[in-house]
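Notes follow the structure.
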Amino acid sequence: MADNNTGAIDPKTGTSGHAQTGERFEVAPENAHLRLDKKDERSHANALADAEKVAAVERAVEEKKKELQEHPTAIAESHGNKPSRGAVIDEQLIQEEKEELAKKEEAKKQSEEAHKH
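Per UniProt numbering: the sequence shown = residues 1 to 117.
What follows is the structure in structure tokens.
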């Protein structure tokens with residue numbers, strides 16, 4: 001194995017680098033791949049477009065995270081697995097809480113209607 005495990009190790013050579021020559025790959029300097037680097041040579045419009053793209057990806061991740069919190073069994077089912085007992089119980093509890101909140105909201109509306117008349 002290579003002394004420095006900074007990259008993938010080729011199983012044939014036991015080193016990280018080019019398989020035929022054995023030369024190590026060049027490593028990018030520190031902070032070379034910052035997406036929103038002020039000193040980057042991209043135009044302002046391109047930097048803004050990239051920032052919007054990153055924000056859209058982050059929003060999608062947040063939405064998925066929120067959905068998974070509402071449906072704890074979704075991950076296992078999406079992978080074709082049987083959900084764990086804990087995930088099933090969590091989903092049942094979430095459903096019961098939603099039903100209870102809906103009942104309370106309905107009772108609150110009825111109470112407000114009764115007090116109006």
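Cβ atoms here follow ideal geometry from the backbone N, Cα and C, with glycine treated the same way.
Per DSSP, reduced to three states, the secondary structure at Ile-89 is helical. Measuring C-alpha to C-alpha distances from Ala-87 to each of Glu-97, Ala-76, Glu-113, Gly-80 identifies Ala-76 as the nearest. For Ala-49, the enclosing alpha helix (DSSP H) begins and ends at 44 to 70. Between His-71 and Ile-89, the alpha-carbon positions lie close to 11 Å from each other. About 13 Å separates the Cβ atoms of Leu-68 and Ala-60, ruling out a contact at the 8 Å cut-off. For Ser-78, the three-state secondary structure derived from DSSP is helix. Judged by beta-carbon spacing, Val-54 lies beyond the 8 Å limit of Arg-42, meaning their Cβ atoms are not closer than that value. The C-alpha of Gln-92 is placed about 17 Å away from the C-alpha of Lys-103. In the structure shown, the three-state DSSP call for Ser-16 is coil. In its chain, beyond the 5 residues on either side, no residue has a beta carbon closer than 6 Å to the beta carbon of Leu-101.
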